[in-house]
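Below is one structure; the comments refer to it alone.
In the working numbering, the protein residues as written are 12 to 606.
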């Protein structure tokens, strides 16, 4: 609550000099008067409302009253508050009155008028009295009441700004939406050294509008290196109503980028968005910040990685540029932090033409995200599930539950895993008869968890089959994810071949509990669209292929696979992640087409 009160005070404090003045015919007068704004915040779920305005001396005033209280009491409080004036003026006038013997001035007359010019009765409750468009009169000054205008409650720029890499501010709105806000970017202008020396300490930062800086996402150029950026954001809503603008300056200057990145050469293949008959698909484990910033990651997993390049803001710079350059139609991501989706990656991809969905892992702060290009697809429905939960509860998996009954230790381990399956059914905007089921998952990670991954895969495939055969019959499948399984494992064989024998070695992969001796089958005809790369994960102690885009071989075929970075590019800085690559995984990208 205090944070919300704070933005109101900060917002109204700049109205005297820079606020928008509105012409309105004053009550009882035929003259058109320029009015200041009185911002009223009144939320039904809260007991109090607030009224904020700026006095003629430039001092901001903020009055908080009970919503059920009669208006008269609020007006009396405003009169008393306004009568005090700012502290310096009050002190000077008190001294002057004491010397002259004059009595103190009475509080100003305060009235509230409705839009039609009628005085609002003082017995009316505050919540009813303070309506949008009413006029608050304090002495001779009139204020146009704006009830719950769009407002910014948070506005921040990333700490790391790199030339050539998209910058997306973190912002939160109240009574508005980020998509309807107005943005204006400015670049710092540095005076010539001789001019700056002459100006001395009195010199102030000069800002100039940045060319093309009218969108939420701004990409600084090499010309901005060494200069700070400033963003002015005006909150708005779908009715084109706008609130008080706020501005934020970057904490430091734009820095030079890292040079060649692992994805630069791949962008040469993906300069243009595919035509209506193709689906460019990306799957990518982007390395959640909750894992990148652990002591284990810094000292054991990625000791070769420069500490600054493990920072979230730095990696987000690289990631946003990488994903934007793929010109994809569908993007499936794993290890997506909740805050990254909401404040950085989601808004940036939205600006690049995508809509996005997120599914977190239980109580964890990271999970799966699926993005789709909104001018090529629309969302028909979502069918996300927690794999451990549906195994226990959904009748669809009764047969598998019965098979697992003799193995309570394995059951318990499956139930302890928080892996989820994100399923989105998309419809082509150019041909509504074409639908596609996009599934996204991240299976259990432990090297000795092959038996757990087999069960998770069986649950996932049963659920996907139910959606594509019962809910949306004959819908093609694109199944993406980090499966934590190399092509030599039972999990890969199970998905690709449709069955796994009860004597497969992966059933005993843990070596501690009694091995499962069950056979699994599924009727889907799936194949790996990108084949079996040498690796999609490359860290100091391991490299191997863990990520796949499985496609419905009956309905889809591969048009092209975008080449992976060369081994020299991957190992330029020893391993991944690095200053030129934001994750320990490598994105898989392919162009698919309907048969």
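For glycine and all other residues, C-beta sits at the position ideal for the given N, C-alpha and C. Computed from a predicted model, the values in this text were never measured in an experiment.
Which of helix, strand or coil DSSP assigns to residue i
{"i": "residue 295", "result": "strand"}
{"i": "residue 518", "result": "helix"}
{"i": "residue 290", "result": "strand"}
{"i": "residue 465", "result": "helix"}
{"i": "residue 83", "result": "helix"}
{"i": "residue 607", "result": "Here the chain has residues from 12 to 606 only, and residue 607 is not among them."}
{"i": "residue 42", "result": "Because residue 42 sits at a pLDDT of 37, beneath the cut-off of 50, its placement in the model cannot be relied upon, and the point is left open."}
{"i": "residue 337", "result": "coil"}
{"i": "residue 367", "result": "strand"}
{"i": "residue 488", "result": "strand"}
{"i": "residue 186", "result": "coil"}
{"i": "residue 422", "result": "helix"}
{"i": "residue 478", "result": "helix"}
{"i": "residue 76", "result": "strand"}
{"i": "residue 325", "result": "helix"}
{"i": "residue 203", "result": "coil"}
{"i": "residue 427", "result": "helix"}
{"i": "residue 176", "result": "coil"}
Nearest to residue i (by Cα), restricted to the options the options
{"i": "residue 256", "options": "481, 162 and 590", "result": "162"}
{"i": "residue 221", "options": "227, 240 and 489", "result": "240"}
{"i": "residue 80", "options": "436, 431 and 133", "result": "133"}
{"i": "residue 149", "options": "200, 159 and 93", "result": "93"}
{"i": "residue 303", "options": "324, 291 and 293", "result": "324"}
{"i": "residue 182", "options": "175, 247, 318 and 200", "result": "247"}
{"i": "residue 538", "options": "402, 315, 489 and 577", "result": "489"}
{"i": "residue 344", "options": "409, 560 and 95", "result": "560"}
{"i": "residue 499", "options": "285, 556, 342 and 202", "result": "556"}
{"i": "residue 436", "options": "217, 356, 474 and 188", "result": "474"}
{"i": "residue 333", "options": "159, 484 and 274", "result": "274"}
{"i": "residue 229", "options": "393, 305, 178 and 430", "result": "178"}
{"i": "residue 372", "options": "430, 472 and 66", "result": "430"}
{"i": "residue 67", "options": "493, 153 and 485", "result": "153"}
{"i": "residue 121", "options": "155, 391, 582 and 86", "result": "86"}
{"i": "residue 495", "options": "457, 337, 552 and 267", "result": "457"}
{"i": "residue 511", "options": "520, 491, 533 and 525", "result": "533"}
{"i": "residue 267", "options": "590, 604, 376 and 379", "result": "590"}
{"i": "residue 232", "options": "197, 294 and 418", "result": "197"}
{"i": "residue 569", "options": "193, 284 and 290", "result": "290"}
Rounded C-alpha distance that separates residue i from residue j
{"i": "residue 360", "j": "residue 544", "result": "27 Å"}
{"i": "residue 59", "j": "residue 88", "result": "14 Å"}
{"i": "residue 173", "j": "residue 186", "result": "33 Å"}
{"i": "residue 449", "j": "residue 51", "result": "45 Å"}
{"i": "residue 335", "j": "residue 281", "result": "10 Å"}
{"i": "residue 459", "j": "residue 497", "result": "13 Å"}
{"i": "residue 573", "j": "residue 288", "result": "18 Å"}
{"i": "residue 542", "j": "residue 601", "result": "11 Å"}
{"i": "residue 151", "j": "residue 180", "result": "41 Å"}
{"i": "residue 481", "j": "residue 465", "result": "24 Å"}
{"i": "residue 199", "j": "residue 265", "result": "10 Å"}
{"i": "residue 330", "j": "residue 123", "result": "53 Å"}
{"i": "residue 548", "j": "residue 554", "result": "5 Å"}
{"i": "residue 43", "j": "residue 260", "result": "At residue 43, the pLDDT of 40 sits below 50, so the modelled position is not reliable and the matter cannot be decided from this model."}
{"i": "residue 447", "j": "residue 412", "result": "29 Å"}
{"i": "residue 339", "j": "residue 483", "result": "24 Å"}
{"i": "residue 191", "j": "residue 160", "result": "13 Å"}
{"i": "residue 409", "j": "residue 389", "result": "33 Å"}
{"i": "residue 69", "j": "residue 54", "result": "27 Å"}
{"i": "residue 75", "j": "residue 155", "result": "18 Å"}
{"i": "residue 526", "j": "residue 423", "result": "14 Å"}
{"i": "residue 551", "j": "residue 583", "result": "13 Å"}
{"i": "residue 452", "j": "residue 421", "result": "21 Å"}
{"i": "residue 605", "j": "residue 479", "result": "16 Å"}
{"i": "residue 164", "j": "residue 170", "result": "19 Å"}
{"i": "residue 57", "j": "residue 226", "result": "34 Å"}
Cβ separation of residue i and residue j, assumed to be a contact under 8 Å, to the nearest whole Å
{"i": "residue 531", "j": "residue 505", "result": "6 Å"}
{"i": "residue 138", "j": "residue 131", "result": "So it is not a contact: roughly 12 Å between Cβ atoms."}
{"i": "residue 558", "j": "residue 592", "result": "Incorrect: roughly 15 Å between the Cβ atoms, too far for contact."}
{"i": "residue 395", "j": "residue 432", "result": "7 Å"}
{"i": "residue 467", "j": "residue 454", "result": "5 Å"}
{"i": "residue 252", "j": "residue 224", "result": "That belief does not hold up - the Cβ atoms of residue 252 and residue 224 are roughly 23 Å apart, past 8 Å."}
{"i": "residue 403", "j": "residue 426", "result": "7 Å"}
{"i": "residue 309", "j": "residue 318", "result": "7 Å"}
{"i": "residue 607", "j": "residue 296", "result": "Because the chain here runs from 12 to 606, residue 607 falls outside it and cannot be looked at."}
Problem set entry | alpha helix (DSSP H) runs wholly inside the region 377–420, at least 4 long, in chain order | 398–404 and 409–415
Exercise. At what residue ranges does the region 490–572 contain a whole run of the beta strand (DSSP E), taking only runs of 3 or more?
Worked result: 537–539, 548–550, 553–555, 558–563 and 567–572
For this session: Only counting runs of 3 or more residues, tell me where the beta strand (DSSP E) segments fall wholly within the region 247–322, in order along the chain.
Result: 257–260 and 289–296
Exercise. Of all the beta strand (DSSP E) runs that stay within the bounds of the region 124–172, which reach a length of 3 or more residues?
Worked result: 146–149, 152–158 and 162–167
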